[in-house]
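To start, the structure itself, in structure tokens.
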Amino acid sequence: MENLRIIREKRNKSQLNVAISIGVTQEAISMYESGQSYPKATTLIDLANYLETSTDYLLGLTTDDTPIKYMNKTLNPKEQELIDMFIYMKSEDQLKLIGYAESLKDKVKN
Numbered sequence: 326m327e328n329l330r331i332i333r334e335k336r337n338k339s340q341l342n343v344a345i346s347i348g349v350t351q352e353a354i355s356m357y358e359s360g361q362s363y364p365k366a367t368t369l370i371d372l373a374n375y376l377e378t379s380t381d382y383l384l385g386l387t388t389d390d391t392p393i394k395y396m397n398k399t400l401n402p403k404e405q406e407l408i409d410m411f412i413y414m415k416s417e418d419q420l421k422l423i424g425y426a427e428s429l430k431d432k433v434k435n
């Protein structure tokens, strides 16, 4: 995942800083960057959130490393606030929020 190293350096973060912030080892970050290992999906989401980019960029599916908060300027303030909160949540809390949102959506349908 060459883009992981690129965006980490662009954001002026060390491997250790990223590792501590998302709850993995520095060795794991090094292995992700060198392609010797790949992160679990939840770790990939944590990396993207912490580095304020998309999982698509980290995976090399796009060359656009634009921070997520700047990708869609058409959001209203409440939508943007929700996204900003979501970005900084731990992946387990993100999953809980998604589940809660889905249950609210189901109530609207019924």
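Here this note's numbering is used: the first residue of the sequence shown is 326, the next is one more, and so on.
Each residue gets a CB set at the ideal place from its N, CA and C atoms; glycine is no exception.
The alpha-carbon separation between SER416 and GLY348 amounts to approximately 11 Å.
Residue state for ARG333 is assigned as helix, using DSSP reduced to three classes. In the displayed model, LEU420 falls within a helix according to three-state DSSP. If you keep only unbroken alpha helix (DSSP H) runs of at least 4 residues inside the segment 370-419, you get 380-383, 402-412. Classified as exposed, VAL433 has fewer than 16 neighbouring CB atoms from the shown chains inside 10 Å of its CB. GLN361 sits exposed, since fewer than 16 C-beta atoms from the chains shown fall within 10 Å of its C-beta.
THR378 is classed as buried because its beta carbon has at least 16 other beta carbons within 10 Å across all chains shown. Annotation for GLN361: no alpha helix (DSSP H) segment contains it, and DSSP assigns it neither H nor E.
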